[in-house]
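Asks: Taking our numbering, the leading residue of the sequence shown gets 4, the next gets one more, and so forth. For every residue, glycine included, the Cβ atom is placed at its ideal position computed from N, Cα and C. Since we're looking at a predicted model, the values are computed, not measured.
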Amino acid sequence: MGIRPIIKMGNPILRMNAEVVRPEDVHSLISVIPDMITTMREAKGVGLAAPQIGISLRVIIFEIPSSRATSVKGDQPCGIQVLINPKIDPLTSEKELGWEGCLSIPELRGEVPRYTRINYTGLDAEGSPVKSYATGFHARVVQHEVDHLNGILYPERMVDLARLGYIDEFAEAQETQTLKNDITRDGNDNG
Ligand code: NI
Numbered sequence: 004m005g006i007r008p009i010i011k012m013g014n015p016i017l018r019m020n021a022e023v024v025r026p027e028d029v030h031s032l033i034s035v036i037p038d039m040i041t042t043m044r045e046a047k048g049v050g051l052a053a054p055q056i057g058i059s060l061r062v063i064i065f066e067i068p069s070s071r072a073t074s075v076k077g078d079q080p081c082g083i084q085v086l087i088n089p090k091i092d093p094l095t096s097e098k099e100l101g102w103e104g105c106l107s108i109p110e111l112r113g114e115v116p117r118y119t120r121i122n123y124t125g126l127d128a129e130g131s132p133v134k135s136y137a138t139g140f141h142a143r144v145v146q147h148e149v150d151h152l153n154g155i156l157y158p159e160r161m162v163d164l165a166r167l168g169y170i171d172e173f174a175e176a177q178e179t180q181t182l183k184n185d186i187t188r189d190g191n192d193n194g
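Dropping the structure here:
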């Protein structure tokens, strides 16, 4: 199928708790995962969750470009990663604020607190176990995508809704240096 339509905030599927994929059903995702990758890249996103293409299963993908992996020492870029039934284990109670966008909430950006260091686990596209560690932007993207599986969109995580707005207006006003840097770097901070 290739590129699939991305559903937007307001669609009830985005509010649902997505279903766990049974190990024996991993192979049935063979048509879904390539479409998720194509759809994410076409939309210039760094992450996508299956519910965003209307499939309420616990599957996420993400890809951290080197341009977005430099904010924290040790925060490595990450090639395309498929994660089925992902689980997050925060390694700290510390959270930091950072700007996020979402392909299901086009044109908006908001400042969201996220854990700075996490372990995460799940299954890859072949059903093999994945265990990894992430910091900074990488950790942020994983938390954003796993939230999608629990029916949570990033504005619900925000502590100050005054920090929610349209990216072109922020860019115009040069609202924050951080966001401006992100926009000018590559703009692909949607998940
Ligand atoms: Ni999103």
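1. Work out the CA separation of Leu17 and Lys11 for me, nearest whole Å.
2. Whose C-beta lies closer than 8 Å to the C-beta of Ala46 among residues of the same chain, with five residues either side of it excluded?
3. CB-CB under 8 Å to Ile36, same chain, minus the five flanking residues each way: which ones, in chain order?
4. Identify which residue in Gly13, Leu32, Met39 and Gln79 has its Cα closest to the Cα of Ala137.
5. Is any heavy atom of the ligand NI found at a distance shorter than 7 Å from the C-beta of Leu164?
6. Return the CA-CA distance between Ala176 and Gly168, expressed in angstroms with no decimal places.
7. Give me the residue from Gly130, Pro15 and Val162 with the minimum Cα distance to Val29.
8. Using only the alpha-carbon positions, how far apart do Arg117 and Val24 sit?
Replies: The short version:
1. The straight-line gap separating the alpha-carbon atoms of Lys11 and Leu17 is approximately 8 Å.
2. Ile9, Leu106 and Asn193.
3. Once the five neighbours on either side are set aside, the close Cβ partners of Ile36 are Val62, Ile64, Val85 and Ala128.
4. Residue Gln79 holds the alpha-carbon nearest to the alpha-carbon of Ala137 among Gly13, Leu32, Met39 and Gln79.
5. Annotation for Leu164 indicates a beta carbon at 7 Å or more from all heavy atoms of the ligand NI.
6. Cα-Cα distance, rounded: 11 Å.
7. Checked all of Gly130, Pro15 and Val162; the closest Cα to Val29 is Gly130.
8. For Arg117 and Val24, the distance between alpha carbons rounds to 26 Å.
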